[in-house]
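Letter by letter, the sequence shown follows residues 1 to 486 in UniProt numbering. Heads up, the beta-carbon is just placed ideally off N, CA and C, and yes, glycines get one too. Structure, as structure tokens:
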Amino acid sequence: ESISHVSTSSSSASSISNPTSCAEGEINPGPEKSDERSSEWLTLERGECSQNSKSSISEYGCSTSISDESQFGLCGYNNRPHMVKDLCWITIRQLALQQGPLGLDNFRLLKRLGCGDIGTVYLAELVHSDCLFALKVMDIEYLISRRKMLRAQAEREILEMLDHPFLPTLYAHFTTDNLSCLVMEYCPGGDLHVLRQRQPGRSFPEPSARFYVAEVLLALEYLHMLGVIYRDLKPENILVRDDGHIMLSDFDLSLRCSVSAVLLRSSSVAANHQPKKLTSPCAESYCINSSCLQPSCAQTSCFRPRPWVPKPRKPKSSLKGLPQLVVEPTEARSNSFVGTHEYLAPEIIKGDGHGSAVDWWTFGVFLYELVYGRTPFRGPGNDETLANVVSQNLRFPDNPVVSSNAKDLIRGLLVKEPENRLGTLRGAAEIKQHPFFEGLNWALIRSAAPPETRPCDVVTLATVRKKKEGKCLDFRSAEELEFEVF
């Protein structure tokens, strides 16, 4: 269950426009998971969605009409090599080129997928095509009145930067005098919160959990390299694509900071992970070990033949002098009280200021919840939960049975002192070397077969995240909207 929160800080607009400073957001109320109620008309709930757009959201007028290719923001298209063959991107781009300014009438709204803190998201189909999108709508007047404009702007700017297989794609943005809309990537597989509840015992088998957390780790590594601290990791924010791989969502609580690369001496390679010494080639013909590769045909030589002897390999432990490139926003500091109660890091609760280490704390809570079906410090109420996070020792239930490597990784991540937490010094590179991930081919993880899940229905997976002060707007009264293609 997600928890609502209260903001304790805000930031100025200049902090977002300056790439060398940190952009603060407000508190994201924890969404209340529930089934979507069917409705004759799709409605927009004020203050209930979290998504960004490319241009400044503080511009309240309609966006400039698009008439030629240079005005489509194609620099964003060209800067996303992972998406150059994406059918949805190609289709919406071609439609904009042919028709010019596009409007809401170019989309057919199929279903309201859910509501968040600053907007509502709909499943939308681009007319005359089979392309589905997640259309996210934010009420500008509401954002201003609730002082959430900076959150929306920060998230929008982050989305512009992203080009990663496990992070969302922002296709287009359109605005009117009172609405700002985003055309986002649609994930039909639902989220890990719902999928976890469908598992026996409401927890994932360890191999499945390992698959999901590995992909999340790569996404966090990429974000940190861009100077983005995510700060809102939880199963509800991990969506599943149609191919079974994951996508992080919701960046309105993320913190943008300057980042620099640092070369550190690597001493984290365990001695017990040395390769086995081979005295002779193995029998398998497909082995690609360098000591097993032999010529496929015999060649005559004028020299006396010499018996084949494998060259001894230098153990990795002798390479500890090699430097390691680390790109982490380690100098980022924030005093904002942001997140979900059960996932809050101790330093956030105590108000000591926090940095990128909070993502590794939430990563540990995330892994714990996937394998045990609950969070480690949850109490009967909010106050008890926060007290447990700060003072309670980490405990592991007897059931389900979890490997010692998984427990050791969780234990290293859930260290209450951020300076001693796994990942604080060397970031994701340090975590990827943990024995829990031994044997995982990080470079080919996109080609790995995802865990099998039952087909998901849009209605059953729809999550309505409502705030008490939210007010519904009837989409029937929305005027035609022009939008900018990135």
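- Do K329 and H164 have their C-beta atoms within less than 8 angstroms of each other? Start at 1 with the first residue of the sequence shown, and residue 329 comes out as number 329. Start at 1 with the first residue of the sequence shown, and residue 164 comes out as number 164. Going by the sequence as given, residue 329 is Pro instead of Lys. At a Cβ-Cβ threshold of 8 angstroms, P329 and H164 do not count as neighbours.
- Query: Closest by CA to K350, which one among E342, V240, G364, N335?
  - Reply: Walking along the sequence shown from the start, residue 350 turns up at place 350. Cα-wise, what sits closest to K350 is N335.
- Message: According to DSSP, I229 sits in a beta bridge with which residue or residues?
- Response: Counting from one through the sequence shown, the residue named residue 229 turns up at place 229. Residue pairing for I229: DSSP places it in a beta bridge opposite L255.
- Query: Would a C-beta distance cut-off of 8 angstroms place E342 and F377 closer than the cut-off?
  - Reply: Mapped onto the sequence shown, residue 342 falls at position 342. Mapped onto the sequence shown, residue 377 falls at position 377. In this structure, F377 lies closer than 8 angstroms to E342 by Cβ.
- Task: Going by DSSP, name the residue or residues bridged to V401.
- Result: Here residue 401 is taken as the residue at index 401 of the sequence shown, counted from 1. Beta-bridge pairing links V401 to no other residue.
- Keeping to the same chain, check which residues put their C-beta closer than 7 angstroms to that of S249; ignore five residues upstream and five downstream. Position 249 of the sequence shown, counted from the start, is the residue given in the question as residue 249. For S249, where only same-chain residues beyond five positions count, the Cβ hits under 7 angstroms are P168, N237, L239.
- Query: From F204, Q153, K111, V389, pick the residue whose C-alpha is nearest to that of F133; which is it?
  - Reply: Within the sequence shown, residue 133 is the residue found at index 133, counting from 1. Nearest to F133 by C-alpha distance, out of F204, Q153, K111, V389, is K111.
- Just curious, the beta strand (DSSP E) that C181 is in, first and last residue? The sequence position of residue 181 within the sequence shown is 181, counting from 1. 179-185 is the extent of the beta strand (DSSP E) around C181.
- Check whether the Cβ atoms of I158 and S254 sit closer than 8 angstroms, and answer yes or no. Position 158 of the sequence shown, counting from 1, holds the residue named residue 158. Position 254 of the sequence shown, counting from 1, holds the residue named residue 254. Cβ distance < 8 angstroms, so I158 and S254 count as in contact.
- Contact set for T362: own chain, Cβ-Cβ below 6 angstroms, skip 5 residues either direction: Taking the first residue of the sequence shown as position 1, residue 362 is located at position 362. So the list reads L233, Y343, once near-sequence residues are dropped.
- Quick one: using the 10 Å Cβ neighbour count with 16 as the cut-off for buried, is R151 buried or exposed? On the sequence shown, residue 151 is found 151 positions in, with the first residue counted as 1. With 16 or more other CB atoms across the displayed protein chains lying within 10 angstroms of its CB, R151 is buried.
- Kindly indicate which three-state DSSP category E438 falls into: helix, strand or coil? In the sequence shown, the residue the question calls residue 438 occupies position 438. Coil, per DSSP.
- Task: Could you check the C-alpha separation between P188 and P323 for me, to the nearest Å?
- Result: The residue labelled residue 188 in the question sits at position 188 within the sequence shown. The residue labelled residue 323 in the question sits at position 323 within the sequence shown. Each residue's Cα considered, the two are about 42 angstroms apart.
- Nearest CA to the CA of I229: which residue from V259, F204, P451, P207? Here residue 229 corresponds to residue number 229 of the sequence shown, with the count starting at 1. Selected option, being the one with the closest Cα: V259.
- Query: Any chance the segment 212-223 sits against the segment 431-442, with 3 or more Cβ pairs inside 8 angstroms?
  - Reply: Touching, yes, given that three or more Cβ pairs across the two stretches are closer than 8 angstroms.
- Would you list the one or two residues that DSSP bridges to I246? If you number the sequence shown from 1, residue 246 lands on position 246. Beta-bridge pairing links I246 to V240.
- Query: Under three-state DSSP, which class holds V415?
  - Reply: Here the question's residue 415 lines up with position 415 in the sequence shown. If DSSP states are grouped into helix, strand and coil, V415 belongs with coil.
- Query: Among residues of its own chain, excluding the 5 on either side of T375, which ones have a beta-carbon nearer than 6 angstroms to its beta-carbon?
  - Reply: Residue mapping note: residue 375 aligns to position 375 of the sequence shown, counting from 1. Sequence-distant Cβ neighbours of T375 in its own chain, meaning closer than 6 angstroms and more than five residues away, are E342, V365, E369.
- Query: Since P155 and L170 are thought to touch, with beta carbons under 8 angstroms apart, how far apart are those beta carbons, to the nearest angstrom?
  - Reply: Here the question's residue 155 lines up with position 155 in the sequence shown. Here the question's residue 170 lines up with position 170 in the sequence shown. A small correction: the amino acid at residue 155 is Glu; Pro does not occupy that position in the sequence shown. Between E155 and L170 the beta-carbon gap is near 10 angstroms, outside 8 angstroms, which marks them as no contact.
- Task: Taking the CB atoms as reference points, tell me whether I118 and L97 lie closer together than 8 angstroms.
- Result: For this step, residue 118 is matched to residue 118 along the sequence shown. For this step, residue 97 is matched to residue 97 along the sequence shown. One thing to note: I118 has its Cβ no nearer than 8 angstroms to the Cβ of L97.
- Task: Could you check how far apart the C-beta atoms of E206 and S403 are, in whole angstroms? I think they sit under 8 angstroms.
- Result: Within the sequence shown, numbered from 1, the residue matching residue 206 stands at position 206. Within the sequence shown, numbered from 1, the residue matching residue 403 stands at position 403. Confirmed, about 6 angstroms.
- Nearest to V137 by CA position, among M149, H128, T120, is which residue? Here the question's residue 137 lines up with position 137 in the sequence shown. Here the closest residue by C-alpha is T120.
- Query: Three-state secondary structure (DSSP) at L162?
  - Reply: Position 162 of the sequence shown, counting from 1, holds the residue named residue 162. Residue state, collapsed to three classes: coil.
- Task: Starting from the C-beta of G244, find all residues in its chain whose C-beta is less than 6 angstroms away, skip the five residues before and the five after it, and write them out in chain order.
- Result: As a first step, residue 244 must be located in the sequence shown, where it is residue number 244. Excluding residues within five positions, the ones whose Cβ falls inside 6 angstroms are P450.
- Query: How is the alpha helix (DSSP H) around P323 delimited, first residue to last?
  - Reply: As a first step, residue 323 is located in the sequence shown; it is residue number 323 there, counting from the start. For P323, no alpha helix (DSSP H) run applies; the uninterrupted beta strand (DSSP E) run containing it begins and ends at 323-328, by DSSP.
- Starting from G193, follow the alpha helix (DSSP H) in both directions and report where the run begins and ends. In the sequence shown, residue 193 corresponds to position 193, counting from 1. Reading off the sequence shown, one finds His at residue 193, where the question assumed Gly. Its alpha helix (DSSP H) spans residues 192-197.
- Message: Give me, in chain order, the residues of the same chain whose beta-carbon lies closer than 8 angstroms to that of N178; leave out the 5 immediate sequence neighbours on both sides.
- Response: Within the sequence shown, numbered from 1, the residue matching residue 178 stands at position 178. Within its own chain, the residues whose Cβ lies closer than 8 angstroms to the Cβ of N178, once the five positions on either side in sequence are excluded, are Y60, D139, I140, E141, listed in chain order.
- In terms of residues, what are the limits of the beta strand (DSSP E) holding D359? Within the sequence shown, the letter at position 359 stands for residue 359. Counting along the chain, no beta strand (DSSP E) covers D359; the unbroken alpha helix (DSSP H) around it starts and ends at 357-372.
- Item | Cβ-based burial, residue 489 [other Cβ within 10 Å; buried from 16] | Nothing about residue 489 can be read from this structure; the chain reaches only from 1 to 486.
- Name the one or two DSSP bridge partners that R108 has. One-based indexing of the sequence shown puts residue 108 at position 108. E125.
- Query: Out of curiosity, what's the CA-to-CA distance linking residue 487 and H354?
  - Reply: With the chain represented from 1 up to 486, any question about residue 487 goes unanswered, as that position is not in the structure.
- What's the gap between the Cα of L87 and the Cα of S129? Counted from its first residue, the sequence shown places residue 87 at position 87. Counted from its first residue, the sequence shown places residue 129 at position 129. Taking the straight line joining both Cα atoms gives about 10 angstroms.
- Message: At the level of alpha carbons, what is the spacing between R395 and G190?
- Response: Counted from its first residue, the sequence shown places residue 395 at position 395. Counted from its first residue, the sequence shown places residue 190 at position 190. Distance between the alpha carbons of R395 and G190 is about 30 angstroms.
- Message: Do G379 and N393 have their beta-carbon atoms positioned less than 8 angstroms apart in this structure?
- Response: The residue given as residue 393 occupies position 393 in the sequence shown. The residue given as residue 379 occupies position 379 in the sequence shown. Not a contact, by the Cβ cut-off of 8 angstroms.
- Message: Is the separation between the beta-carbon of L409 and that of F436 shorter than 8 angstroms?
- Response: Within the sequence shown, the letter at position 409 stands for residue 409. Within the sequence shown, the letter at position 436 stands for residue 436. Yes; because the gap between Cβ atoms is below 8 angstroms, this pair is in contact.
- Query: Which class does A152 belong to by DSSP, given the choice of helix, strand or coil?
  - Reply: In the sequence shown, counting from the first residue as 1, residue 152 sits at position 152. Three-state result, A152: helix.
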